[in-house]
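Notes to accompany the following structure.
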Amino acid sequence: MDKIDYEKNITNGILEHQLDSWEEFGEFVADSELCMPTCIFRGQANSEWLVESTLDRMEKRFHKTPNLSGGTPPEFDCPRVPREVQLERFKEMTRGKLTNPPKDAEEDEWWALAQHHGMATPM
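For the sequence shown, the positions run 510 to 632 when this note's numbering is used.
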């Protein structure tokens with residue numbers, strides 16, 4: 510792999526470099542000049558995308574619901590359900606179905622369990 514001029518590949522504080530194989534990726538991440546402990550790979554293809562949860566994206570996308578009767582107005586505001594209500598509903602739905610549920614005080618554990626079961630979460 511050719512020597513990379515890192516300064517030329519940094520835009521708005523983000524190093525961008527296209528790799529064509531897993532071998533190139535291995536060489537790239539093993540490069541001692543790249544060893545920057547303050548950098549974290551975001552896991553997103555576009556640096557313009559916000560780092561936000563699935564729940565945040567869904568709340569933005571589905572802020573309105575169509576009027577299925579075909580009447581006026583064509584759509585209604587769809588107010589956000591408070592997150593604490595969503596989590597409480599999940600806990601209620603799982604009552605008696607889990608062999609080892611998290612303690613009530615372990616909110617992050619409950620959100621992780623909800624995410625594991627396919628629920629959009631703030632994680």
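Cβ coordinates follow ideal geometry from the N, Cα and C atoms, glycine included. Just so it is clear, the structure is predicted and the values come from calculations on it, not from any experiment.
Using the C-alpha atoms, what's the distance from residue j back to residue i?
{"i": "W531", "j": "S562", "result": "28 Å"}
{"i": "M602", "j": "A623", "result": "11 Å"}
{"i": "S556", "j": "T608", "result": "41 Å"}
{"i": "P610", "j": "A539", "result": "41 Å"}
{"i": "D613", "j": "R566", "result": "27 Å"}
{"i": "E533", "j": "G579", "result": "55 Å"}
Please list, in chain order, all residues of the same chain as residue i whose beta carbon is under 7 Å from its beta carbon, the five residues on each side excluded.
{"i": "E564", "result": "Residue identity check: residue 564 is Leu in the sequence provided, not Glu. Here the set comprises A629, T630, P631."}
{"i": "N576", "result": "P582, P583, E584, F585"}
Check this for me: beta carbons of residue i and residue j, under 9 Å apart or not?
{"i": "R589", "j": "H572", "result": "yes"}
{"i": "W619", "j": "K600", "result": "yes"}
Under 6 Å Cβ to Cβ from residue i, same chain only, skipping five residues before and after it: list those, please.
{"i": "H625", "result": "none"}
Assuming residue i and residue j form a contact by the criterion Cβ under 8 Å, report the distance between their Cβ atoms to the nearest whole angstrom.
{"i": "L596", "j": "E568", "result": "That belief does not hold up - the Cβ atoms of L596 and E568 are roughly 15 Å apart, past 8 Å."}
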